[in-house]
Structure formats: C-alpha cells, structure tokens
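**Student:**
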Amino acid sequence: MQTFLDQVWIARWPLWDGFLLTIEIAISAIVLGTVVGCICGIQLLFGPAISRLLFRLYVDVMRGTPVLVLILAAFYIPSVVGISLNATQAGILALSLFAGAHIGELLRGALQAIPPGQAEAARSIGLTFPQTLTYVLLPQALRSALPPWINTGVELIKGSSLLSIIGVGELLLKTQEVIGRTFMTIEFYIFAGLLYLAANISLDQLGKMIERRVQGR
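Using the working numbering, the first residue of the sequence shown is number 68, and each one after it goes up by one.
#1: Return the CA-CA distance between residue 201 and residue 113, expressed in angstroms with no decimal places.
#2: Taking the alpha carbon of residue 280 as the reference point, which residue from 213, 176, 254 has its own alpha carbon closest?
#3: Just the Cα atoms here: how many angstroms apart are residue 172 and residue 264?
#4: Thinking C-beta only, is residue 242 closer than 8 Å to residue 250?
#5: Who are the Cβ neighbours of residue 234 in its own chain at under 6 Å, not counting the five residues just before and after it?
#6: In terms of residues, what are the limits of the alpha helix (DSSP H) holding residue 147?
#7: If you draw a straight line from the alpha carbon of residue 137 to that of residue 193, how long is it in whole angstroms?
#8: Ignore the nearest five residues each way along the sequence and tell me which others in residue 96's own chain have a CB closer than 6 Å to its CB.
#9: Compute the beta-carbon to beta-carbon distance between residue 134 and residue 239, rounded to the nearest angstrom, for a pair I have assumed lies under 8 Å.
#10: Do you know offhand how far residue 276's Cα is from residue 221's?
#11: Is residue 238 helix, strand or coil by DSSP?
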C-alpha cells in the first residue's frame, strides 16, 4: 500500500491535469450540448415541417450512434473537409452533439407535456410566441427536464473516458501512462474509478441542489 501511495504522489500532477481536463471537457460539452438541445427541442415541436424533419434526423442519428463512433467521426471527418480540430476540440464536438440530441429530445417531451391552456392564456393577454416561450413554456419545461439533464451530464463525464482513443490527455489516458510506468494496473484503475465516481456524485449533488432551489424547497 505504501508503494502505491508513493506512486500516486509521484504521479499526482499528471493525474491531476488529466482529471481537470476531464472536468473541463465535460463542462464544455454540457454547456454546448444544452444550447444545441434547447434549439433542437424548440424546433422539434414548433419549427416548420422541414426544420422538424432535419432536427428529427439529427436526434435519431446521434442517439442511435455509439459515442465512440461519434468521437472517431468528429476526429477524422473535419480534416477531410479542411477543418482543423485538435483531439480535445474533436472530443468536445462529439460529446456536445451527443448531449444536444438527448437534451433536445427531453426538452421536446417536457414542452409537449405542458397543458395547451398555458400557451392559450399567454396569447390571450397579448404575449407574442417568443415571449410565451421565454416566460411561460421554457421555465416550466426546464423545471421538469432538470433531473434527466443531470443524468446526461453524468453520462458525459463517463463518456469523456473514451476520448483517450484519439489521444486526449484526460484522466484515463494519464492513468494508463502511469500504469505503463508502474505496472500497478488494478490499483490505478480503481483510483481513476474513484475519481470518476467523485466527479459524478458531485455533479449529481449540485444538480439536486439546483433542483430544490428551482422548485422552491
């Protein structure tokens, strides 16, 4: 045990850098995915027919494609069309598109669950559609969509471990590098697992705190 702790101390900065990069990637993907998901969810329900069709195609393709395939596609396809992305940027792109599809679908469901009378009442007092969406529909939808949104964030933290396949120096890749030097496979994989678990539990608790405040409890 003492030898393992010594090795953890020696490798503390690479592991810490990998952990921080994992968190940064997850946060970036959650933010960008939320923006994409909000646009997607609104278009799926209120957009014109061609827009609904295109966004439905996007949602179905993204949700039906394994995350690893999305990561590889985001890493290799942009270079074919002349867009230069480094591994980290490609990873954030892939996870953001994945999150956007899931968040868009859950927001669509949340908006659709709001009684039609809410929108009718907003129109009756003279609110425009953007105002109705901003002040009446979205606040209610986001409140009910918050728990599955938190689950999506947790999935992104776990999904970030797949970015090691394209050389992103996140926690898993840094752990594998340390294992290659120390040959302490089980110990360091357990240690990395505990760090992922700590990040997921922290996000879950943060989400529950936000949920309680939004619901006024």
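Glycine is no exception: its CB is placed at the ideal position from the N, C-alpha and C atoms.
Here the structure is a predicted model, which is why all the values come from computation and not from measurement.
**Tutor:** Once the coordinates are examined:
#1: The straight-line gap from Cα to Cα measures roughly 13 Å.
#2: When C-alpha distances from residue 280 are compared across 213, 176, 254, the shortest belongs to 213.
#3: Cα to Cα, the separation comes out at about 26 Å.
#4: no
#5: 154
#6: 134-147
#7: 44 Å
#8: 159, 162, 163, 166, 223
#9: The Cβ separation is near 14 Å, so there is no contact.
#10: Rounded to the nearest angstrom, the two C-alpha atoms are 15 Å apart.
#11: helix
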